[in-house]
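As numbered in this note's numbering, residues 3 to 108 make up the sequence shown, in order.
Right, one structure below, let's go through it.
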Amino acid sequence: MEFILEQQAALTASIQQLQAEGARHQAEIERHSRDLEVHTGWKIEMSRALQGLASQMQEAFREMARHHNALADRMAELAAHQKRTDENLSSLVRTVQDILPRLPGQ
Numbered sequence: 003m004e005f006i007l008e009q010q011a012a013l014t015a016s017i018q019q020l021q022a023e024g025a026r027h028q029a030e031i032e033r034h035s036r037d038l039e040v041h042t043g044w045k046i047e048m049s050r051a052l053q054g055l056a057s058q059m060q061e062a063f064r065e066m067a068r069h070h071n072a073l074a075d076r077m078a079e080l081a082a083h084q085k086r087t088d089e090n091l092s093s094l095v096r097t098v099q100d101i102l103p104r105l106p107g108q
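Next up, the structure:
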């Protein structure tokens with residue numbers, strides 16, 4: 003009988019120890035779950051921030067492309083005006099060169 007009581011006491015102690023370890027493990031699982039939730043929240047927020055930044059960058063690049071195209075168009079206009087100005091100036095120089103030899107007293 004004493005043996006049985008000793009075994010029962012040992013078994014009870016083992017069960018209590020397992021219950022205590024189980025409680026510690028459960029607490030660890032809950033802590034890790036909370037940590038996982040926090041990290042998941044951070045990742046979601048980071049993802050949203052990166053998506054917003056990517057959208058802003060895309061819009062900035064589109065705006066830069068519009069400005070670049072407008073500038074290229076303006077430069078083409080200026081080049082055309084410069085060409086006409088050069089042609090007019092050349093024509094004026096030829097006219098003056100033709101007139102100068104015919105002026106009296108030269």
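C-beta atoms are modelled at their ideal positions from N, C-alpha and C, and glycine is treated no differently.
Here the structure is a predicted model, which is why all the values come from computation and not from measurement.
Quiz item: Taking just the CA atoms, how far does Glu23 sit from Leu7?
Solution: By 1-based counting over the sequence shown, the position of residue 7 is 5. By 1-based counting over the sequence shown, the position of residue 23 is 21. Rounded to the nearest angstrom, the two C-alpha atoms are 24 Å apart.
Quiz prompt | Span separating the alpha-carbon of Leu38 from that of Ala25 | solution = Looking up residue 38 in the sequence shown gives position 36. Looking up residue 25 in the sequence shown gives position 23. Rounded to the nearest angstrom, the two C-alpha atoms are 20 Å apart.
Self-check item: Alpha carbon of Lys85 to alpha carbon of Arg50, nearest angstrom
Solution: Mapped onto the sequence shown, residue 85 falls at position 83. Mapped onto the sequence shown, residue 50 falls at position 48. Each residue's Cα considered, the two are about 52 Å apart.
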